[in-house]
């Protein structure tokens, strides 16, 4: 079990922009609700002084929550810095294809642009202990909103992507839903990076979207 988050300083690392302001506010609320102090790390450093300040914030933190949506190079650099310090890191991403590496042994929240999902999953991780890998599997509360979706969505997904699953010798064991006519939502997914990338390429060719929760 990882160390508890109570009485811990959590640094929230995001790119700049209004969308990520909302991500920070959601993450900060979760951290403070767990009894942790929270501060934001500015990932848009343009000089050595700003970089040194960001590194100082990372070095003081007991836990890092980092949004890697868009694979911002400064965010990735500071995540690497945190790993070098052996600091626990929870990764946030809008979509599975935002992950530049295999997620199997990492604590990851895939929130698909939904701040409510982000809050639910991040709270779950913080309750379990900082940085405990749960592979981004949604809790019952997060999944409940999607219950009752037609099983036809799975059949349609497999008709479009089944050959890719077979080629990678993998299968999707979680639920599959249609958010709208062109957006598949895959719940409880634990897919390799290579498979996620292949699915993303096919989705782009077909003009559909995949959300990996």
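Residue numbers (our numbering): 82 to 294. In this text, a Cβ means the ideal position worked out from N, Cα and C, and glycines have one as well. Please read all numbers here as calculations on a predicted model, not as lab measurements.
8 Å contact criterion, which residue i and residue j should meet: CB distance rounded
i           : j           : result
residue 149 : residue 174 : 5 Å
residue 117 : residue 145 : That belief does not hold up - the Cβ atoms of residue 117 and residue 145 are roughly 12 Å apart, past 8 Å.
residue 199 : residue 190 : 6 Å
residue 280 : residue 245 : 6 Å
residue 97  : residue 122 : Rounded, the Cβ-Cβ distance is 11 Å, inconsistent with contact.
residue 207 : residue 111 : 6 Å
residue 166 : residue 124 : About 17 Å; that fails the 8 Å criterion.
residue 177 : residue 277 : 5 Å
According to DSSP, residues forming a beta bridge with residue i
i           : result
residue 169 : 144
residue 117 : In DSSP, residue 117 forms no bridge with anything.
residue 174 : 191
Opening and closing residue of the beta strand (DSSP E) in which residue i lies
i           : result
residue 91  : 90-95
residue 293 : 290-293
residue 149 : Where residue 149 is concerned, there is no enclosing beta strand (DSSP E), given that its DSSP letter is neither H nor E.
residue 188 : 188-191
Backbone secondary structure at residue i - three-state DSSP
i           : result
residue 62  : The shown model of the chain, from 82 to 294, leaves out residue 62, and the question about it has no answer.
residue 230 : Its pLDDT being 39, under 50, residue 230 is placed unreliably by the model, and nothing is read from it.
residue 180 : coil
residue 73  : Since the first and last residues shown for the chain are 82 and 294, residue 73 lies out of range.
residue 109 : helix
Cβ-heavy atom distance, residue i to the ligand PLP, below 7 Å
i           : result
residue 244 : No copy of the ligand PLP occurs in the structure displayed, which carries no ligand at all.
Every unbroken beta strand (DSSP E) inside the region 239-285 [3 residues or more]: Within the region 239-285, the complete beta strand (DSSP E) runs of at least 3 residues are 257-261 and 264-267.
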